[in-house]
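S.K.: Residue numbers (my numbering): 193 to 1100. For glycine and all other residues, C-beta sits at the position ideal for the given N, C-alpha and C.
1. Please report how far the alpha carbon of residue 972 lies from the alpha carbon of residue 807, in whole angstroms.
2. With C-beta atoms as the reference, is residue 1124 less than 8 angstroms away from residue 1010?
3. Taking DSSP as the reference, what is the three-state secondary structure of residue 911?
4. Does the separation of the CB atoms of residue 427 and residue 359 fall below 8 angstroms?
5. In terms of alpha-carbon separation, which member of 594, 699, 454 lies closest to residue 621?
6. With a threshold of 16 other CB atoms inside 10 Å of the CB of residue 495, please say whether the residue is buried or exposed.
7. Can you tell me whether residue 218 is helix, strand or coil according to DSSP?
8. Where residue 1027 and residue 566 are concerned, what is the direct C-alpha to C-alpha distance, given to the nearest angstrom?
9. Across the segment 946-955 and the segment 1043-1062, are there enough close Cβ pairs to call them in contact, namely three or more that are closer than 8 angstroms?
10. Let me confirm a value: residue 264 is counted as buried when at least 16 other C-beta atoms fall within 10 Å, else exposed. Which label applies?
11. In angstroms with no decimal places, state the Cα-to-Cα distance between residue 1123 and residue 467.
12. Please state the DSSP three-state secondary structure of residue 863.
13. Taking the C-alpha atoms as reference points, what is the distance between residue 785 and residue 1005?
14. Identify whether residue 696 lies in helix, strand or coil by the three-state DSSP scheme.
15. Per DSSP, which residues does residue 588 bridge with? Please list them.
16. DSSP has residue 764 in a bridge; who is on the other side?
17. When you compare the segment 793-802 with the segment 639-648, are there three or more beta-carbon pairs, one atom per stretch, that lie closer than 8 angstroms?
18. In whole angstroms, what is the alpha-carbon distance linking residue 272 and residue 393?
19. So for residue 254, helix, strand or coil by DSSP?
20. Counting only runs of 3+ residues fully inside the segment 963-1019, write out the beta strand (DSSP E) ranges in chain order.
21. Look at residue 554 and residue 611 and say whether their C-beta atoms are less than 8 angstroms apart.
22. Count the C-beta pairs between the segment 666-674 and the segment 623-633 that are closer than 8 angstroms, then say yes if the count reaches three, no if not.
23. Which class does residue 193 belong to by DSSP, given the choice of helix, strand or coil?
24. When burial is assigned at 16 or more other CB atoms within 10 Å of the CB, is residue 1035 buried or exposed?
25. In this structure, how does DSSP classify residue 951 when only helix, strand and coil are distinguished?
26. How close, in whole Å, do the beta carbons of residue 1068 and residue 809 come, if the pair is a contact with beta carbons under 8 angstroms?
27. From residue 211 to residue 292, what does the alpha carbon distance come to, in whole angstroms?
28. In the structure shown, what three-state DSSP assignment does residue 719 receive?
29. Could you tell me which whole alpha helix (DSSP H) segments of length 4 or greater appear in the segment 285-327?
30. Cβ atoms of residue 570 and residue 688: under 8 angstroms apart, would you say?
31. Considering only residues of the same chain and omitting the five flanking positions on each side of residue 438, which have a CB-CB separation below 6 angstroms?
32. Hey, how far is the Cα of residue 1080 from the Cα of residue 907?
33. Our contact map puts residue 363 next to residue 755 with C-beta atoms below 8 angstroms; I'd like the distance itself, whole angstroms only.
34. Among the candidates 1016, 1007, 875, 1003, whose CA atom is the shortest distance from the CA of residue 1055?
35. Comparing C-alpha positions only, which one of 877, 282, 320, 376 sits nearest to residue 251?
36. Between 723, 705, 696, which lies nearest to residue 788 when the distance is taken from Cα to Cα?
Structure below.
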């Protein structure tokens, strides 16, 4: 009722807390009922979560060559398709006005960059839209299709993944959001989705929701005279045979009728980094001229053939993982197939809404400093895959899962399923009763293994249901397990998340409330295999009234594009060593309104670190796109680079033929150690190495005598330390293999290389002090600093902290004048960003000022407290290091994979 009132009072604008509270109060008065204050607060919080969404502005890189601006003024009037769609999202789907406005803005940007369909040809625009995994790409290109139809595009083709299930899912969405009727054969054109709001807008479809509803010549024959006045939609999967049939139809039916000249094509490529990218190796001469007779791989070749068949075409690629797309050679082309799919015309970087649960929120993002780093929500739980031995990391299709020799699931999976039951019950308590709840079990790519896992899970779940159903007669220990899991895991986790911005509106849920819902929640749970052999495995639409509680067990079919509605718990042991595949496997990203604290991810500690690295690399790529947009560059003028990893691959090797890996400068960077050893031997060796350096470099600048400075519990600073000493130290220290930014060999080699260029010769070294216990090593006393360990480090044999750096420490080697200039530059930038002034300069400005004399650099040594780290067996400081490098034109070091443009623009 309050929601309807808000829609009527504020039909086209965003609402705030004040408007929500007033609407709720007015509803209470109209109902004349005595609603408890707690319930009123819960209603307000729920409406806030649904309606108050913040979305940033998209950024764009554009190349105006050959383009005529057109999408403004009268050309944006009378948009009936899009108006119907936006009304549907607002009125039927309950989307926030801010989210709809964001779709409107971003699709306007894309429309501006494709060509006016009324403009004479030839023209050919190629673009890329970078989204986020499970954040709403389909909703965005449904809006784009609506605006394109309004503007006069008559043929709209959507390439929807490689599997039938994903194609059907996309067709259903386009039926609902664009066509306005259900395309299932025999269903007629009864209003559906947007069609229930306005049935007087018409578009045709040559594909249907049916399992065999992909493009075929017989069905296309129903179009008769070709593409006429109504827009025509096709949703097809990326299959070489189907694409070839489509191309034959275009050349044999549409071309003779003149449609390929008269009707422009809009081709939307969903999941464009999968299958669309040419995996062959085209040769280029010394002038970057491609081999004209090269034959690309079939799917890539058929997509290019389709584009070149039309004299006027626009290609818009959508992906959340654009690593392979930006590595396409920008000059690749053949005489037969035309240009490759490099996004030469535009790249649009879409921001995620504030209610999106993405990789950064779930796994964190490594940064250059305390302010830049993002720590994750505490929803991941460690699985010791090697110890349990249930699923081998590398196994064949005949592998039989066994736990301790028994045909049963391991304790970690039992715990994950119990967490799923609690999450379903918790959502029911919060009023999300007849909704979809999904659990993902992804441990193998082999279908035979899926069946074996299904059988074990099904047996265990059936027994769990029986125990909960009859526990009123005889209390079963499983109820104690559930209560213990709720009180020891869910209660503290929910409390911690409620203290964050992501969980501020979440209600508090008690065990008695949850206990009453357990049996009903468990009884609805149905394990289900989801792979290419199972058709229509997840019938969310058919269970919309009562909600579906499903445990989806599968592999590749669950790895890309397919949406698991209401995904709360994931049990994930399928390791991919490619950035894009790993990120796309993360079906848990998306929107978890009102229950993010109930979600759980069960995976190995190594996988968690891998996801964090990929999230960092993806965020860095986005920042580079934003920087390119800010300086007005085009995709062909400004190169792209993707941070590499020692173990992981950026994408498949056959998609990286035209990229190269380079070491990129540490210049202007700060390297902060956040992953440390938790064993005595490693830390003792590092402590001895550090005290050996301190013995060699003499007394600190404030020392009165030898005895005093060694036993001092204060901060100690050395100036003018030779760079060779620092290089030796860095090369001698031990760092954990998974420390993302700290690598002994690379740091040491970089310093030595810069010494050869006359830089990094003059170091300031500081040993910091804190309020922890005092520890002595080789006659040196260190007053330790307390840094709280993060939970994700325990099971991985590491001590992980958010950061060791205290931001002001990075400025300690600046004199008063340098400090003032760095501070002034910091506040100038903060003012432009709309932020308040600060009294401490930020790292980038500090390193820029220091770079005026690139001989200077800073090494900070933080002796961390073993007591605070809960490591009582360690009797030496746990040293964490920070290296702050000055800006320099000569620096080299971090490995990146460069695309072809970057290789030409920035040789290293």
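M.R.: So, from the listed chains and residues:
1. If you draw a straight line from the Cα of residue 972 to the Cα of residue 807, it is about 40 angstroms long.
2. As displayed, the chain neither begins before 193 nor continues past 1100, which places residue 1124 out of reach and without an answer.
3. The answer is strand: DSSP assigns residue 911 an E or B state.
4. It is a contact, given that the beta carbons lie within the stated cut-off.
5. Minimum Cα distance to residue 621 is reached at 699.
6. For residue 495, the number of other beta carbons within 10 angstroms of its own is at least 16, and it is reported as buried.
7. The three-state reading of DSSP puts residue 218 in helix, counting H, G and I together.
8. Approximately 19 angstroms between the Cα atoms of the pair.
9. As far as the Cβ criterion goes, the segment 946-955 touches the segment 1043-1062, which means the pair count is three or higher.
10. Sixteen is the threshold: since fewer than 16 other Cβ atoms of the shown chains lie within 10 Å of the Cβ of residue 264, the residue is exposed.
11. Residue numbering for the chain in the displayed model covers 193 to 1100; residue 1123 lies beyond these limits and cannot be assessed.
12. DSSP, read as helix, strand or coil, puts residue 863 in strand.
13. Taking C-alpha positions only, residue 785 is separated from residue 1005 by approximately 47 angstroms.
14. Coil, per DSSP.
15. Answer is none; residue 588 lacks a bridge partner.
16. Per DSSP, 634.
17. Because the criterion of three Cβ pairs below 8 angstroms is not met, the segment 793-802 and the segment 639-648 do not touch.
18. Rounded to whole angstroms, residue 272 to residue 393 spans 7 angstroms at the Cα level.
19. Note: residue 254 maps to strand in three-state DSSP.
20. As far as the segment 963-1019 is concerned, its whole beta strand (DSSP E) runs of at least 3 residues are 966-969, 972-975, 990-992.
21. Cβ distance not < 8 angstroms, so residue 554 and residue 611 don't count as in contact.
22. Taking 8 angstroms as the limit for Cβ pairs, the verdict is that the segment 623-633 does not touch the segment 666-674.
23. Residue state, collapsed to three classes: coil.
24. Buried, by the Cβ-count rule.
25. Coil.
26. About 34 angstroms separates the two Cβ atoms, so there is no contact after all.
27. Those two C-alpha atoms are separated by around 19 angstroms.
28. In the structure shown, residue 719 falls within a strand segment according to DSSP collapsed to helix, strand and coil.
29. The segment 285-327 contains these whole alpha helix (DSSP H) runs: 289-305.
30. Here residue 688 is near residue 570, since their CB atoms are less than 8 angstroms apart.
31. If we look at residue 438 and ignore the five residues flanking it on each side, its Cβ neighbours are 407.
32. Spanning the two alpha carbons is a distance of roughly 29 angstroms.
33. Contact doesn't hold; Cβ gap of about 14 angstroms is too wide.
34. Closest by alpha carbon: 875.
35. Ranking 877, 282, 320, 376 by Cα distance to residue 251 puts 320 first.
36. Comparing Cα positions, the closest option is 696.
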